Amino acid sequence: MDQRRRHAPADLRAVFWLWMLVIGCGLVTMITLPLVGR
Amino acid sequence: MPRVLRENALSLIFFLLFALTLVGQSLAGYADNNEELARHGMAAIGYGDFVTSSDFIVDVAENWQSEFLQFFLFILGTIWLVQRGSPESKKPGDEGVGSDEDQLIGEHARAESPTWAKVRGFRLWLFSNSLLLVMGAIFLASWFAQSLAGHTVANEENAMHGMPAQSWLEYVASPEFWNRTLQNWQSELLAVGAMVAFSIFLRQRGSSESKPVGTPHAESAVESE
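Protein sequence lines, in the order shown, are assigned to chains A and B. Using the working numbering, read the first sequence as starting at 1 and increasing by one per residue. Using the working numbering, read the second sequence as starting at 1001 and increasing by one per residue.
1. Taking the alpha-carbon positions, what's the residue 1047 of chain B to residue 16 of chain A distance?
2. By Cβ distance below 6 Å, which residues in the same chain neighbour residue 1064 of chain B in space, the five residues on each side in sequence not counted?
3. For residue 1118 of chain B, I'd like the list of residues in its chain whose CB is within less than 6 Å of its CB, leaving aside the five on either flank, ordered along the chain.
4. Are the CB atoms of residue 1220 of chain B and residue 1089 of chain B nearer to each other than 9 Å?
5. I need the straight-line Cα distance from residue 1153 of chain B to residue 1038 of chain B, nearest angstrom please.
6. Going by C-alpha distance, which of B/1191, B/1101, B/1057, B/1009 is nearest residue 1145 of chain B?
7. Could you check the C-alpha separation between residue 1155 of chain B and residue 1137 of chain B for me, to the nearest Å?
8. With residue 1165 of chain B and residue 1158 of chain B assumed to form a contact (beta carbons below 8 Å), what rounded beta-carbon distance in angstroms separates them?
9. What three-state label does DSSP hand residue 1078 of chain B in the structure shown?
10. Mapping DSSP to helix, strand and coil, what is residue 1052 of chain B?
11. Using the three-state DSSP reduction, which class does residue 12 of chain A fall into: helix, strand or coil?
12. If we require 4 or more residues per run, which alpha helix (DSSP H) segments fall completely within the segment 1107 to 1186 of chain B?
13. Would you verify that the beta carbon of residue 1021 of chain B is, or is not, closer than 9 Å to some beta carbon of chain A?
14. What does the alpha-carbon distance come out to for the pair residue 1120 of chain B and residue 1201 of chain B?
15. Closest to residue 1139 of chain B by C-alpha separation, out of A/27, A/14, A/11, would be which residue?
16. Would a check of beta-carbon distances place residue 29 of chain A closer than 9 Å to chain B?
17. Quick one: Cα of residue 1040 of chain B to Cα of residue 1186 of chain B, how far?
18. Taking the alpha-carbon positions, what's the residue 1068 of chain B to residue 1001 of chain B distance?
19. Output, in sequence order along the chain, the residues in the segment 1042 to 1067 of chain B whose CB is closer than 7 Å to any CB in chain A.
20. Find the residues of chain B that neighbour residue 13 of chain A, judging by a C-beta separation of less than 7 Å, and give them in chain order.
21. Within 10 Å of its beta-carbon, does residue 1180 of chain B have 16 or more other beta-carbons around it, so buried, or fewer, so exposed?
22. Would you mind giving the Cβ-Cβ distance between residue 1055 of chain B and residue 1033 of chain B, rounded to the nearest angstrom? I have them listed as a contact below 8 Å.
23. Reducing DSSP to helix, strand and coil, say where residue 1199 of chain B ends up.
24. For a quick check, are the C-beta atoms of residue 1192 of chain B and residue 1070 of chain B less than 9 Å apart?
25. For residue 18 of chain A, would you say it is in contact with chain B, using Cβ-to-Cβ distances shorter than 9 Å as the test?
26. On the three-state DSSP scale, how would you describe residue 1063 of chain B?
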């Protein structure tokens, strides 16, 4: 089995992590700022 | 268009639209907030101060939570409930989580199936429910963010009107929190329900959200294939 069959293509991983990162960072920011009194 | 852009166009265009509308919301909210401050005879604040304020965050978070609740409920509901004729639904009789064979898991996995579909135990359970779990987690986290930011905003309002501060628990039991929450939930549930019902009889040629135009009304797209 070659590398391409074991791993999803890099562009699909990039799209997935783009959304996960933006949402994750957004949530951390939206929870942290009110807690620090903004 | 390069192949990578064309093959990922749906998520990338929505990402771009999301970024543009979030910036648009921040600019409109900033102007609205400063008009409100002026009406109270208070000094305007800077854009950076506004986008990091609870005033902006509560408006973003209350919309985020309802969108992710919508998908959470839709993913959960479509396991066990069907709507005959809707392409959003499995066909009647297919309710439930499906057989291992249908789901291509364990010994039914293909060579190129994800690793966690081939194993048994906790990893298979986690991967099998990962979409629902992630959507549910984002819903809960954004709803929590809404409650924190809303609490801060409510206490700023209370201070401005010379009223005592509320605790976070008092805020999450307050009419304001539930008004903000339910006005978003109702619209999401309306749109999802309407989409399921309308897609029985209405079509959009070329859209994966629609049955093929000539599919009989009582058949889902899956049956017609």
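Even glycine gets a Cβ: it sits at the ideal position worked out from N, Cα and C. Everything numeric in this text was worked out from a predicted model, so none of it was measured.
From the atom records:
1. Roughly 31 Å separates the two Cα atoms.
2. Correct list, in chain order: 1142.
3. Residues of the same chain with a CB within less than 6 Å of the CB of residue 1118 of chain B, apart from the 5 flanking positions on each side, are 1109 in chain order.
4. Result yes, Cβ atoms of residue 1220 of chain B and residue 1089 of chain B sit closer than 9 Å.
5. Straight-line Cα distance between these residues: approximately 17 Å.
6. With distances taken between Cα atoms, residue 1145 of chain B lies closest to B/1057.
7. Going by the C-alpha atoms only, they are around 27 Å apart.
8. Sure, about 6 Å apart at Cβ, within 8 Å.
9. If DSSP states are grouped into helix, strand and coil, residue 1078 of chain B belongs with the helices.
10. DSSP places residue 1052 of chain B outside both helix and strand once states are collapsed to three, so it counts as coil.
11. Helix at residue 12 of chain A.
12. Inside the segment 1107 to 1186 of chain B, DSSP marks whole alpha helix (DSSP H) runs of 4 or more residues at positions 1115 to 1118, 1122 to 1128, 1130 to 1160, 1168 to 1172, from first to last along the chain.
13. Closer than 9 Å: no.
14. Residue 1120 of chain B and residue 1201 of chain B: Cα-Cα distance of roughly 41 Å.
15. The candidate whose alpha carbon is nearest that of residue 1139 of chain B is A/27.
16. It does: the Cβ of residue 29 of chain A has a partner Cβ on chain B nearer than 9 Å.
17. Whole-angstrom Cα-Cα distance: 33 Å.
18. Cα atoms of residue 1068 of chain B and residue 1001 of chain B: separation of roughly 32 Å, rounded to the nearest angstrom.
19. Those would be 1052, 1053, 1054, 1057, 1060, 1061, in chain order.
20. Those do not exist, as residue 13 of chain A stays about 11 Å from chain B at its closest Cβ, beyond 7 Å.
21. With a 10 Å radius around the Cβ and a threshold of 16 neighbouring Cβ atoms, residue 1180 of chain B comes out buried.
22. Cβ-Cβ separation between residue 1055 of chain B and residue 1033 of chain B: approximately 6 Å, consistent with a contact (criterion under 8 Å).
23. Three-state result, residue 1199 of chain B: helix.
24. In contact: residue 1192 of chain B and residue 1070 of chain B (Cβ atoms closer than 9 Å).
25. Chain B places a beta carbon closer than 9 Å to that of residue 18 of chain A, counting this residue as a contact.
26. Three-state DSSP puts residue 1063 of chain B in a helix.
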